[in-house]
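Some notes on the structure that comes next.
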Amino acid sequence: MSAQIGVTGLAVMGANLARNLARNGFTVALHNRSVSRTDELLAKHGTEGDFVRTESLQELVDSLEKPRRVLIMVKAGAPVDSVVDQLVPLLEEGDIVIDAGNSHYEDTRRREAALAQKGLHFVGIGVSGGEEGALNGPSIMPGGSEESYRALGPLLEKISAHVDGKPCCAWIGTDGAGHFVKMVHNGIEYADMQVIGEAYDLLRSGAGLEPAEQAKVFSEWNKGELASFLIEITAEVLGHVDERTGKPFVDVVVDAAGQKGTGRWTVISGLELGSPVSGIAESVFARALSSKAAQRVEAQELLSGQEADISVGEDFVEDVRQALYASKLVSYAQGLDMLTGAADEYGWDLKLDEIASLWRGGCIIRAELLKEITKAYAAEQKPSNLLFAPAFTEAIAQALPAWRRVVATAVQLGIPVPVFSASLAYYDGLRRKRLPAALTQGLRDLFGAHTYQRVDTEGTFHTLWGEDQSEIAAVDSH
Ligand code: 6PG
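Quick look at the structure:
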């Protein structure tokens, strides 16, 4: 029996994707560097579908129908190159190598170009939804050539999550587009989690709500416009009691957030593209600051707070909910705007409505909100920024007074709200008629003759600051 797809790398994500494929009726060839893992999978789950056991990459390749589809699920970075290097000599023109890990999109672009020269397809696919999603239906973001998607898409669409009968999987664009979109998904995921954390801190330190009480608040919030996977599991984590001590679970966990790097990549890429992903950046920095254990201990001794002696009113919880919603919207707006920038830079035809739609199910940032976002980008008149879509312009306008109150209160109480406040600053920065950037330009021109443009005349100018302060036409030097 020849298999329709091979999976190499059977740690939990690879194993779950293989099982998902088999459960959906595909014959799956299995390979792992140590055969014992393959045998373990077969012993535990071998009856879930048709599997072909193989002991070497050669055997894996030989077991596949053509064009061959080989899915690699190993740690991002050098391990992917190593498996690709071993596989390539065994493959034939038209075969498809799939990298389903969280690879950096530049690596994917490099690998795609190298394999294309050999007549092979290299497809980087973003897979979101964690272990559970991989098994029961993830959100899938495939890049690579459109031709490869014709051979691969039907399998991926079948195993993906579905919302309203639609698969949460669609061809994203050439080369690294899939991994790029997954990276931005993760950037939004970071910001989404940070705004939830800020809301929790405000409710705890500002309104005095204990985690168990907050679990109820978040469950309630999950019934409205904030409804999402992350809000749902926030209620679960906050409601969890540590079995050893009987304390709230969140009180026994070290408050230093880890990161594997995708959020950081989003910010680096945002900086390179000139995309103001300030909320996402602040969420990465917030994790970094949380991990500065020694400095935080020293700061407790040395730095004064001088918080205002104010107490919050009854409406505070609802205010925080609205501030959370507005900040979350901004994170999505920033992430999607960055996709537009990347599409220009890399020549991808990114369809934001399809991307928003495939984030509606299976992935970590799945949220009710994405239905409206999908609608906004499916409209004839596509907004140049998510916040300009009428539904969201209105939603933010409604949340704005509460958002301002919450940020002001947080500042007075000394509760850090980096993403709430950075998002508000982004919003105000975007809508402000005149920005102090004019002064920045003046300063740059004075100390470095960097030139400027005028509001009333075309052209590029320089003021002779150290001479008679007259203005001359200049060559644009940005
Ligand atoms: C997903 C997740 C997944 C994972 C990341 C983020 O979409 O399923 O984003 O990819 O959780 O590795 O992890 P860090 O928070 O460690 O960067």
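In our numbering, the protein residues as written are 84 to 561. For glycine and all other residues, C-beta sits at the position ideal for the given N, C-alpha and C.
A distance below 6 Å between beta-carbons, with the five flanking residues on each side excluded, links Gly362 to the following residues of its chain, in chain order: Ala274, Val413, Ser414, Gln417, Val502, Ala505, Ser506.
In summary, Glu214 is exposed, with fewer than 16 beta-carbon neighbours lying within 10 Å of its beta-carbon over all protein chains present. Bounds of the alpha helix (DSSP H) holding Glu381 are 376-385.
Inclusion of Ala493 and Gln405 in the CB contact set at 7 Å is not warranted, their separation being larger than that value.
Here the alpha carbon of Glu272 sits roughly 15 Å from the alpha carbon of Met224. The beta carbon of Val395 sits closer than 7 Å to the beta carbons of Gly289, Ala290, Thr492 from its chain, once the five residues preceding and following it are set aside; these are given in chain order. Using a C-beta cut-off of 8 Å, the stretch 166-181 makes contact with the stretch 191-207, since at least three inter-stretch Cβ pairs fall below that distance. Comparing alpha-carbon positions, the option among Trp304, Gly307, Gly220, Glu281 lying closest to Asn99 turns out to be Gly220.
In this structure, the ligand 6PG has a non-hydrogen atom nearer than 6 Å to the beta-carbon of Thr345.
Between Gly226 and Gly261 a beta carbon distance of about 3 Å is seen, short of the 8 Å cut, so the two are scored as contacting. Within the same chain, and ignoring the five residues on either side of Phe301 in sequence, the residues whose Cβ sits closer than 6 Å to its Cβ are Ile314, Thr317, Ala318.
For Ile242, the enclosing alpha helix (DSSP H) covers residues 229-242.
Per DSSP, the unbroken beta strand (DSSP E) holding Pro225 starts and ends at 222-225. Per DSSP, the beta-bridge partners of Arg152 are Ile179. With respect to Asp284, Ile498 sits close: the two C-beta atoms are nearer than 7 Å. By the beta-carbon neighbour count (other beta carbons within 10 angstroms, threshold 16), Trp304 is buried. Between Asp559 and the set Glu550, Gln524, Gln552, Trp548, the nearest pair of CA atoms involves Gln524. Val333: member of the alpha helix (DSSP H) spanning 332-335, first to last residue. Ranked by Cα distance from Met96, the options Gly212, His187, Val153 are led by Gly212. Taking the C-beta atoms as reference points, Ser222 is found no nearer than 7 Å to Leu433.
Ala439 has its alpha-carbon roughly 37 Å from the corresponding atom of Leu140. In the three-state DSSP reduction, His187 falls in the coil class, being neither helix nor strand. Between the ligand 6PG and the CB of Ser211, the shortest heavy atom gap is smaller than 6 Å.
DSSP, read as helix, strand or coil, puts Ser506 in helix. For the 7 Å CB-CB criterion, Leu496 and Tyr460 do not form a contact. Each residue's CA atom was taken as its position, placing Phe544 and Ser165 some 54 Å apart.
Counting along the chain, no beta strand (DSSP E) covers Val267; the unbroken alpha helix (DSSP H) around it starts and ends at 260-284. Taking each of Ile555, Thr328, Thr191 in turn and checking the Cα distance to Gly160, the smallest one comes out for Thr191. The three-state secondary structure of Arg347, taken from DSSP, is helix. Nearest Cα to Ala508 within the set Glu365, Ala376, Ile351: Glu365.
Cβ-Cβ separation between Val278 and Ser410: approximately 5 Å, consistent with a contact (criterion under 8 Å).
Look at Ile479 here: in three-state DSSP terms it is helix.
If you check the CB distance, Pro250 and Pro294 do not come in under 7 Å. With a cutoff of 7 Å on beta-carbon distance, Val350 and Val367 are scored as near each other.
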